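Beneath this line is the structure, given in C-alpha cells, with notes to follow.
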Amino acid sequence: MRVRAVEIADSPRARDLVRLRAEVTYDSNPSGPEEYWLDVPAEFNAISVTGDPWLAWLAPLAVTLGESLELEVPASAQLLANAHELVRIWTAWYPQLSPCRITAPVSHESGDAGGRTGAFFSGGVDSFFTALRHVTGEDTSDRRTIHGLIFVWGFDIEISNAHAWSTALQSNQTVARELGVPLLPVVTNLRQTRFASADWTLLSHGAGLAGVAHALGHAFSTVLIPSSAGYRHMRPWGSHPITDPLFTSDRVRIVHDGPGWTRVEKTEYIAASALALRHLRVCYRSADGTNCGACKRCYRTMLALSALGALDRCTTFHSRALDLERAGRVYCHTEADVQQFAFVRALAERQGRHDIVRAVDKSVKRSSRMSRLLSRVRRLRDAPLLWRWIPSWERRLLREWVV
Numbered sequence: 116m117r118v119r120a121v122e123i124a125d126s127p128r129a130r131d132l133v134r135l136r137a138e139v140t141y142d143s144n145p146s147g148p149e150e151y152w153l154d155v156p157a158e159f160n161a162i163s164v165t166g167d168p169w170l171a172w173l174a175p176l177a178v179t180l181g182e183s184l185e186l187e188v189p190a191s192a193q194l195l196a197n198a199h200e201l202v203r204i205w206t207a208w209y210p211q212l213s214p215c216r217i218t219a220p221v222s223h224e225s226g227d228a229g230g231r232t233g234a235f236f237s238g239g240v241d242s243f244f245t246a247l248r249h250v251t252g253e254d255t256s257d258r259r260t261i262h263g264l265i266f267v268w269g270f271d272i273e274i275s276n277a278h279a280w281s282t283a284l285q286s287n288q289t290v291a292r293e294l295g296v297p298l299l300p301v302v303t304n305l306r307q308t309r310f311a312s313a314d315w316t317l318l319s320h321g322a323g324l325a326g327v328a329h330a331l332g333h334a335f336s337t338v339l340i341p342s343s344a345g346y347r348h349m350r351p352w353g354s355h356p357i358t359d360p361l362f363t364s365d366r367v368r369i370v371h372d373g374p375g376w377t378r379v380e381k382t383e384y385i386a387a388s389a390l391a392l393r394h395l396r397v398c399y400r401s402a403d404g405t406n407c408g409a410c411k412r413c414y415r416t417m418l419a420l421s422a423l424g425a426l427d428r429c430t431t432f433h434s435r436a437l438d439l440e441r442a443g444r445v446y447c448h449t450e451a452d453v454q455q456f457a458f459v460r461a462l463a464e465r466q467g468r469h470d471i472v473r474a475v476d477k478s479v480k481r482s483s484r485m486s487r488l489l490s491r492v493r494r495l496r497d498a499p500l501l502w503r504w505i506p507s508w509e510r511r512l513l514r515e516w517v518v
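Residue numbering for the sequence shown is 116 to 518, as defined by my numbering.
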C-alpha cells in the first residue's frame with residue numbers, strides 16, 4: 116500500500132471548502148489508485164500536508180489487508196516509532212490481523228499551534244462530558260482549556276445524508292456558541308474507501324479521529340478523543356486508553372479523555388446541564404440526525420436519564436418513547452453491551468428505580484438465551500442449501516428485539 120500525491124486543493128463540494136487529498140494504491144488491487152480526502156472550511160487555514168494523517172488512517176487497513184504501508188511524504192519520528200507498537204498491540208488483540216512494515220521519510224519538525232487544544236464533538240454523551248468538563252474548567256487548571264470543537268461528517272453520519280448532517284451541525288453549532296468556543300466542521304470520504312475493510316468498532320475509529328487531528332495539526336497542538344469504555348472495563352477496542360495516545364506525533368499530542376468515568380457516570384454528569392439535555396444526540400441509526408428513540412443506544416441512554424429523573428427534561432428524546440417492557444427486549448449481544456447495561460442497572464438500583472432494574476435483568480437474561488440460539492443457527496453456514504436462509508432466520512429471530 117502506497118500513499119502519494121498528497122496535496123491541498125479546492126474542494127469540488129463547495130467553494131468555501133479546501134481539500135486535503137492523496138492517492139492510495141494497494142498491492143492487492145493493482146488496477147488503480149483510490150482517492151482519500153478531507154474537506155475543511157477555507158477560512159480555516161491550518162491543514163497539514165505531512166504524512167502523519169495518512170499513517171494514522173492507513174495503519175489499521177495495512178494490518179487488515181496484510182500489506183506494507185509506504186508514504187512518500189515525511190512523517191513524525193515519534194509517530195513512526197509509535198506505529199510499530201500499535202501494530203504489535205493490534206495483532207496481539209486480534210490474531211487474524213497481520214504484522215506490517217511501515218516506511219516513510221522521517222520528519223523531526225515540531226508543532227506551531229501555540230498550545231491550542233481541540234476536542235472531537237459529535238453531540239453524544241462522551242463528547243458532551245469532555246466539552247463540559249474542560250470548558251467549564253472542572254478538573255483542569257484553565258477555564259479555556261478547549262479552544263475548538265471538531266465535528267466530523269462521514270463517521271457516524273454518512274456523507275450521502277446531507278439532511279442528517281445539517282440537522283446535527285445546527286445543533287452542535289448552538290452548543291459551541293453557548294460554550295464560547297468555535298466549532299470546526301470537516302467532512303471526509305474515509306469510510307467510503309477501502310478503509311472500511313478495517314473494523315470500525317474494534318480497530319479503526321480511534322485511528323480515524325487521530326488522522327483528522329493530524330490533518331488539523333497547524334491549529335491544535337493537543338486533541339482530545341472522548342473515551343468510551345473506560346478503565347473499569349478494559350477490552351480491545353478501536354479507541355482505547357493504550358492505543359489512542361500512541362497516535363501522538365512530534366507536532367500533535369493525542370489524549371484519550373475521560374476513561375476514569377463510565378458512560379453512565381458521564382450521563383449523570385451531563386444530566387445537570389440544560390445545554391446538554393437540549394442537544395444530546397446519541398443515535399447512529401436515525402436517518403434525520405436526531406435520536407430515533409427505538410434503538411439499543413437510545414434505550415440505554417433513556418434508561419439512565421430516567422433513573423436520574425432527567426428524561427423529561429431531555430428534549431431530544433420523547434419521554435413517552437421509553438417503554439420498560441420493550442427495554443426488557445434490548446438485545447445485549449456483546450460483552451460491551453452487557454457491561455454498559457450493568458452500569459445502568461447499578462445506577463437504577465442506587466436511585467431506587469427497581470422497575471428499570473427488572474427491565475435490565477430481563478434484557479440480559481433473554482439476550483443470553485437469544486445469543487445461544489443465534490450461535491446454533493450460524494453454525495449452519497457450512498450446511499449445503501441452508502446457508503442462504505440464515506440471514507432471513509436471524510432477522511426473524513430478532514424482529515421483536517431492540518437492536
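Note that beta-carbon positions come from the ideal geometry of N, C-alpha and C, so glycine has one too.
From a predicted model like this one, the values you see are computed outputs, not experimental measurements.
On the CB-based measure, 16 or more other CB atoms within 10 Å of its CB, does residue i come out buried or exposed?
i: R130; result: exposed
i: R435; result: exposed
i: L135; result: buried
i: T430; result: exposed
i: W502; result: exposed
i: N160; result: exposed
i: V517; result: buried
i: W504; result: exposed
i: D403; result: exposed
For residue i versus residue j, is the C-beta distance shorter than 8 angstroms?
i: G326; j: D359; result: no
i: T377; j: G345; result: yes
i: A391; j: L247; result: yes
i: T232; j: T405; result: no
i: T282; j: W152; result: no
i: A409; j: S163; result: no
i: K99; j: V445; result: For the chain, the structure presents residues 116 to 518; residue 99 sits outside this window and is missing.
i: R465; j: V475; result: no
i: L298; j: F335; result: no
i: A171; j: F310; result: no
i: R395; j: G238; result: In the sequence on display, residue 395 carries Leu and not Arg. Yes.
i: V202; j: K381; result: no
i: G332; j: V367; result: yes
i: S478; j: A451; result: no
i: I261; j: V290; result: no
i: W208; j: P356; result: no
i: D154; j: R119; result: no
i: L264; j: F236; result: yes
Within the same chain, show all residues whose beta-carbon is closer than 6 angstroms to that of residue i, passing over the 5 residues directly before and after it, in chain order.
i: R117; result: T140, E185
i: S388; result: L247
i: L500; result: none
i: F458; result: T377, V379
i: D427; result: S434
Sorted by chain position, which residues of the same chain lie with C-beta nearer than 7 angstroms to residue i's C-beta, five sequence neighbours on each side aside?
i: T245; result: A234, L339, P341, D372, G373
i: G269; result: V302, T303, N304, L305, R306
i: D470; result: L439
i: A198; result: L170, A174, I217
i: Q455; result: R378, R415
Near residue i, what residues of its chain come up, given a Cβ to Cβ distance below 8 angstroms and the 5 sequence neighbours on each side ignored?
i: C407; result: C398, R400, S401, C413
i: V121; result: L135, R136, A137, V164, G166, W169, E187, V188
Minimum length 3: unbroken beta strand (DSSP E) runs contained in the segment 281 to 309: 298 to 303
Three-pair Cβ contact test at 8 angstroms for the segment 303 to 323 versus the segment 171 to 183: yes
Stretch pair the segment 180 to 190 + the segment 204 to 224: three plus CB contacts closer than 8 angstroms: Judged by Cβ distances under 8 angstroms, the segment 180 to 190 makes contact with the segment 204 to 224, as three or more pairs qualify.
Validate contact between the segment 191 to 200 and the segment 155 to 173 using beta carbons, cut 8 angstroms, 3 pairs: yes
Contained beta strand (DSSP E) runs [length at least 3] in the segment 122 to 153, N- to C-terminal order: 132 to 141
Start-end ranges of the alpha helix (DSSP H) lying completely within the segment 306 to 383, minimum 4 residues: 320 to 330
Segments assigned alpha helix (DSSP H), at least 4 residues, entirely inside the segment 159 to 239: 167 to 180, 192 to 208
Runs of alpha helix (DSSP H) wholly within the segment 376 to 433 (minimum 4 residues, chain order): Listed in chain order, the complete alpha helix (DSSP H) runs (minimum 4 residues) inside the segment 376 to 433 are 378 to 385, 389 to 394, 411 to 422.
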